[in-house]
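What follows is a single structure, written as structure tokens, with notes after it.
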Amino acid sequence: MKSILKNINKQLLPENYLFSPEWIVLGVNNVCNLHCKMCDVGNKNLESNFAQNLVGTHPLNMPLELIKKIIDQTATYFPKSKLAYAFTEPLVYPYLLESLKYANDKNLHTTITTNALTLKHKAKKLVDSGINEVYVSLDGPQDVHNEIRGHKKSFQKAVEGIEELLSGGQKPDVKIICAITEWNVGYLQEFLESLKHLNLDNVGFMHTQFITKKAAHLHEASPWNLLYPASDSNIDLLDFDNMNLDKLLQEIKSIKSKNFPFKVYFSPEIDSKKKLELYYKQTEKIIGKLCHAVYSSIMIKSDGTVIPAHGRCYNLNLGNIYEQSLKSIWVSKRLKKLRTDLHKAGGLFPACSRCCSAF
6 MKSILKNINK
16 QLLPENYLFS
26 PEWIVLGVNN
36 VCNLHCKMCD
46 VGNKNLESNF
56 AQNLVGTHPL
66 NMPLELIKKI
76 IDQTATYFPK
86 SKLAYAFTEP
96 LVYPYLLESL
106 KYANDKNLHT
116 TITTNALTLK
126 HKAKKLVDSG
136 INEVYVSLDG
146 PQDVHNEIRG
156 HKKSFQKAVE
166 GIEELLSGGQ
176 KPDVKIICAI
186 TEWNVGYLQE
196 FLESLKHLNL
206 DNVGFMHTQF
216 ITKKAAHLHE
226 ASPWNLLYPA
236 SDSNIDLLDF
246 DNMNLDKLLQ
256 EIKSIKSKNF
266 PFKVYFSPEI
276 DSKKKLELYY
286 KQTEKIIGKL
296 CHAVYSSIMI
306 KSDGTVIPAH
316 GRCYNLNLGN
326 IYEQSLKSIW
336 VSKRLKKLRT
346 DLHKAGGLFP
356 ACSRCCSAF
């Protein structure tokens, strides 16, 4: 019933959303220890919105007093929201364990999204901290993943970390996220087979998320660019002409026909060659009906600045936790206007065409 009311609210009164955020996304640091091919940060393209949202603020690490302030306000105003340690690589954040314990003492639900390179050494302490969910980014079987991530042992270290995390009696839910790219098509089923021995909650295959130059140019020519400027992102090394869509479709169908000891899903769900061609070849065409994340999430950077949704969104300053409360920022005029403008645009802007929040 609540989800129905939320959808009605989004459609009829986007400027006056009545529900609390589901996620408080934390950009706790501005550093990563891998060099992923499909990421602007890994490719050192630091001019895109995506890179600026992840590594464009100072200090390098969110101060302990700031994250405690965020935790206190979340517990006060939005106690059912999830705290998501997501950017840029939370496991190297120096105050990770202390802040997780602090959040756990406040009875907050906490999650981490990580490449798991250093997970093995922190696994037991993470469990002791009360972490609820761990999302691990893996991109295929061992050799494929290591090539994509630019580290010859990143897959092995991640799996060892997951095994350590799941070795005790009390353990968090562990979920795998795999970005589909030209480099792992044809290896996705092999990847799932390699994970069967792990007690995973689910494995999600995410179709690559990006903004092409064509989509960025369309956005620049739109009336929305003045308020919400965009740039191409995460395409420096991607070549969609190299995507074997026939093989990908065959693999998707094969995976869906099999049973695994964990849930497997794709986002978005694509079940035909025509739809794959639309996604990867006609990248300026919008897929999806509206942005869900502006109604469910806000992201806080290391300097206390708050932006809509998460790292893929527009670098729109909604306020700062040092100056305003989390509650006031969630109902701020800027966020209300963004929701209203998205509604006027038909649900999504041109630069939203391949963002995960549209699916």
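Counting in my numbering, the sequence shown runs from 6 upward without gaps. Here a beta-carbon is modelled for each residue, glycine too, at the ideal position from N, C-alpha and C. Keep in mind the model is a prediction, meaning the values are calculated, not measured.
Query, Result
"Beta-bridge pairing of A56 - partner residues as DSSP gives them", "DSSP output for A56 lists no bridge partner at all."
"Where A314 sits in the DSSP three-state scheme", "coil"
"Helix, strand or coil at L69 according to DSSP, with G and I counted as helix", "helix"
"Contact check, V179 vs D206, beta carbons under 8 Å", "yes"
"Nearest neighbour of T217, chosen from Q329, I240, S227 [CA to CA]", "I240"
"Supposed contact pair E94 and V36 - C-beta distance, whole angstroms, cut 8 Å", "6 Å"
"Straight-line Cα distance separating Y285 from I117", "29 Å"
"Proximity winner among A235, G209, L231, V208, relative to A220 (alpha-carbon distances)", "A235"
"Short Cβ contact (8 Å threshold) for P146 with S199", "yes"
"Any beta strand (DSSP E) of 3 or more consecutive residues that is wholly inside the region 242-316", "268-272, 302-305, 310-313"
"Reference L96, options H202, D308, N38, H114, closest by Cα", "N38"
"Straight-line Cα distance separating V299 from L283", "25 Å"
"Closest by C-alpha distance to H114, when choosing among S172, L223, A121, I76", "I76"
"N12 beta carbon less than 8 Å from that of F24", "no"
"The region 166-175 touching the region 120-140, judged by at least three CB pairs closer than 8 Å", "yes"
"Helix, strand or coil at W28 according to DSSP, with G and I counted as helix", "strand"
"Delimiting residues of the alpha helix (DSSP H) encompassing P107", "Sequence check: residue 107 is Tyr here, not Pro. Unbroken alpha helix (DSSP H) run through Y107: 101-110."
"Short Cβ contact (8 Å threshold) for P84 with S302", "no"
"Segment contact flag, the region 43-62 with the region 103-114, C-beta cutoff 8 Å, min 3 pairs", "no"
"With 16 other Cβ atoms within 10 Å as the buried cut-off, status of H297", "buried"
"Spatial distance of K176 from L232 (CA atoms)", "44 Å"
"Buried or exposed (CB count within 10 angstroms, at least 16 for buried), N120", "buried"
"is_contact[L124, chain D] using C-beta, thresh 8 Å", "Within the model displayed, chain D is absent; a lone protein chain is all it includes."
"Backbone CA spacing between I312 and E103 [nearest angstrom]", "25 Å"
"Distance, N322 Cα to S307 Cα", "13 Å"
"Reference R154, options M248, C41, H224, closest by Cα", "C41"
"Where V60 falls, given that 16 or more other Cβ within 10 Å makes a residue buried", "buried"
"DSSP three-state assignment for L88, whether helix, strand or coil", "strand"
"Any 3 or more C-beta pairs closer than 8 Å across the region 188-203 and the region 249-261", "yes"
"Range covered by the alpha helix (DSSP H) that runs through V149", "147-154"
"6 Å CB neighbourhood of E289 in its chain, flanking five on each side removed", "K219, A220, L223"
"Beta carbon of L353 nearer than 8 Å to that of G293", "yes"
"Alpha-carbon to alpha-carbon, M248 and E328", "47 Å"
"Nearest-angstrom Cβ-Cβ length linking A80 and V30, presumed shorter than 8 Å", "At roughly 16 Å, the Cβ-Cβ gap does not stay under 8 Å, so A80 and V30 are not in contact."
"Simplified DSSP assignment, three categories, for S134", "helix"
"Chain-order list of residues whose beta-carbon lies under 8 Å from that of K268 (same chain, five-residue window excluded)", "D206, N207, V208"
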